[in-house]
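Chemist:
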Amino acid sequence: MAIQGYQLFLLLAFLGSATQIGGNIVTDTLFRSDCSDGLVFGAASSAYQYEGAANEGGKGPSIWDTFTHQYPEKIAGGSNGDVAIDSYHRYKEDVGIMKEIGLDAYRFSTSWSRVLPNGKLSGGINKEGIKYYNNLVNELLANGRDSL
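Below, the structure is given as structure tokens:
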């Protein structure tokens with residue numbers, strides 16, 4: 001579903017209405033019913049920051065995996081995406097939280113190094129990687145969430 005211009009404007013206006021006064025954040029109350037029926041409330045994630053399981057399920061190294069291991073001093077705290085928030089193992093719990101807070105949609109990115117661990121189609125497709133994304137989409141659909 002595409003967000004229409006006025007719906008995007010309403011969302012940006014709401015986010016812009018939060019002001020900081022003396023260390024306290026003051027916002028106007030906004031209810032879902034204040035928005036048009038077509039507005040989609042959702043969340044988004046980045047595979048590297050969310051999935052974890054860097055060395056599981058047939059995943060090959062991504063550019064970020066290589067960079068964070070070769071140059072940990074260039075990353076605050078030396079962190080990397082080896083575990084991240086472990087959505088690879090906890091996706092059912094994550095989808096349950098999305099349902100609990102009333103999100104309509106979830107936009108996730110695909111870790112191509114999980115799907116194509118050798119970096120090329122000719123290097124083979126990782127069936128475990130495809131299965132993970134298929135399971136995630138099925139879980140979203142089973143819980144009434146759209147994947148984008």
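Counting in UniProt numbering, the sequence shown runs from 1 upward without gaps. Beta carbons: idealized from backbone N, C-alpha and C, even for Gly. Every value quoted in this text rests on a predicted model; they were computed, and no experiment measured them.
#1: Thinking just about the alpha-carbon of each residue, which of N138, S111, A43, E100 is nearest to the one in W64?
#2: Going by DSSP, which residues form a beta bridge with D146?
#3: I'd like to check one pair, G81 with residue 210: are the Cβ atoms closer than 8 angstroms?
#4: Are the Cβ atoms of Y88 and R145 separated by less than 8 angstroms?
#5: Grab me the residues of A43's own chain with a C-beta within less than 6 angstroms of its C-beta, minus the 5 sequence neighbours each way, in chain order.
#6: Assuming residue 154 and G58 form a contact by the criterion Cβ under 8 angstroms, report the distance between their Cβ atoms to the nearest whole angstrom.
#7: Skipping 5 residues on each side, what residues in its chain have a beta carbon closer than 6 angstroms to that of F108?
Modeler: According to the structure shown:
#1: Closest option to W64, Cα to Cα, is S111.
#2: Bridge partners of D146: A105.
#3: The chain is shown only over 1 to 148; residue 210 falls outside these bounds and no answer can be derived.
#4: One thing to note: Y88 has its Cβ no nearer than 8 angstroms to the Cβ of R145.
#5: Contacts found: L103, Y106.
#6: The displayed coordinates of the chain run from 1 to 148. Any statement about residue 154 would go beyond what the structure contains.
#7: Result list for F108: S45, in chain order.
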